[in-house]
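I have placed the structure first, in the form of structure tokens, so that the comments after it can refer back to it.
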Amino acid sequence: MMLFNRFLGDLVALLFPNLCCGCYTSLYHGEDQLCTRCIYHLPYTDHHLHKENGAARQLWGRLPCHAVMSLLYFKKGARTQNIIHHLKYRDRKDLGIKLGGMIAQKLLMNPAYDDVDLIIPVPLHRRREHQRGYNQSLCVAQGISSTLKIPVNTRCLLRTQATTTQTKKGRYKRFENMKQVFSIVELASLKDKHILLVDDVITTGATLEACGIVLFEAGISKLSIATVAFAK
Ligand SMILES: [Zn+2]
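In structure tokens:
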């Protein structure tokens, strides 16, 4: 049933592009990507106000993060899932930029993010990015960057291996799989920098952990993380 709903949602979005990416109602003049009702009623985590939040806890003991936040809670069948689906599969780069702007507004309220030097999106493998046509995390990073006026860097962190779907593997197996996936070039641009690593969803944290480890190996001073959604 859920698959059918998703298919229906895609069909509706294709036929009526001017619909809200969260709830599929028609957008009014002056609304873009998300309706006013969604903007007010999305399941915001308020992670930016709490250092010890659920997303941060997900990485405890695995990665020494300075600050971690997700904008929204992710629940299957709910609005956040529709938003992530549009962001990843429906070519909605504009939605990514909007979500990045919304994240940036939250980051501005927490001084922990004041001294971020560089924003780095979790990279896709070259082949995957070519298939999709864009990297959704880069769009979010660009939205954050244009509000905070902090540069985005896509040159230093590379995804050198494509990973297969990992949903059936256990947590340790997934991490073992991720460890070799990322590599660093241009070490000098990262040394002693406070990096804000950006991704779409944090679930197990294995991807962020693998990125974080190579970034620390490259000599960064602090690592903070911002994602659009957090799957509890
Ligand atoms: Zn809506």
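For the sequence shown, full-length UniProt numbering assigns the number 1 to the initial residue and increments by one for each residue that follows. Note that the Cβ used here is the ideal one computed from N, Cα and C, for glycine as well. A quick note: this is a predicted structure, and the numbers were derived from the prediction, not measured.
Is residue i close to ligand 1? I mean its beta-carbon at under 7 Å from any heavy atom of the ligand.
i: residue 22; result: yes
i: residue 37; result: yes
i: residue 124; result: no
i: residue 34; result: yes
i: residue 245; result: One cannot answer for residue 245 here, as it falls past the ends of the chain, which runs 1 to 232.
i: residue 204; result: no
i: residue 80; result: no
i: residue 233; result: Given that the chain is displayed from residue 1 to residue 232, the structure contains no residue 233 and the question cannot be resolved.
What did DSSP end up calling residue i once you bin it into helix, strand or coil?
i: residue 201; result: strand
i: residue 84; result: helix
i: residue 210; result: helix
i: residue 69; result: strand
i: residue 75; result: coil
i: residue 220; result: coil
i: residue 159; result: strand
i: residue 147; result: helix
i: residue 19; result: strand
i: residue 227; result: strand
i: residue 100; result: helix
i: residue 61; result: coil
i: residue 178; result: helix
i: residue 113; result: helix
Would you list the one or two residues that DSSP bridges to residue i?
i: residue 119; result: 152, 196
i: residue 44; result: 72
i: residue 183; result: 158
i: residue 26; result: 19
Going by beta carbon distance, what residues of the same chain come within less than 6 Å of residue i, once the five residues before and after it are set aside?
i: residue 106; result: 48
i: residue 103; result: 71, 144, 226
i: residue 63; result: 209, 212
i: residue 148; result: 104
i: residue 56; result: 68
Can you give me the Cβ contacts of residue i inside the same chain, cut-off strictly under 8 Å, excluding the 5 residues immediately before and after it?
i: residue 158; result: 123, 182, 183, 184, 185
i: residue 215; result: 120, 157, 184, 190, 195, 197, 223
i: residue 162; result: 125, 127, 128
i: residue 112; result: 51, 66, 67, 224
i: residue 43; result: 72, 73, 75, 78, 79, 80
i: residue 150; result: 116, 117, 118, 119, 144, 196
i: residue 217; result: 184
Taking 8 Å as the CB-CB limit, is residue i close to chain B?
i: residue 144; result: Protein chain content of the structure displayed is limited to a single chain, and chain B is not contained in it.
CB residue i to CB residue j, shorter than 8 Å?
i: residue 118; j: residue 195; result: yes
i: residue 236; j: residue 22; result: Lying before the first or after the last residue shown, residue 236 is absent from the chain, which here runs from 1 to 232.
i: residue 228; j: residue 99; result: yes
i: residue 51; j: residue 67; result: yes
i: residue 77; j: residue 230; result: no
i: residue 146; j: residue 192; result: no
i: residue 160; j: residue 138; result: no
i: residue 91; j: residue 133; result: yes
i: residue 88; j: residue 33; result: no
Who are the near neighbours of residue i in its chain, counting only those whose CB is closer than 7 Å to its CB and skipping five residues on each side?
i: residue 58; result: 202, 205
i: residue 219; result: 187, 190, 191, 192
i: residue 142; result: 97, 100, 152
i: residue 38; result: 20, 22, 23, 79
i: residue 232; result: 54, 73
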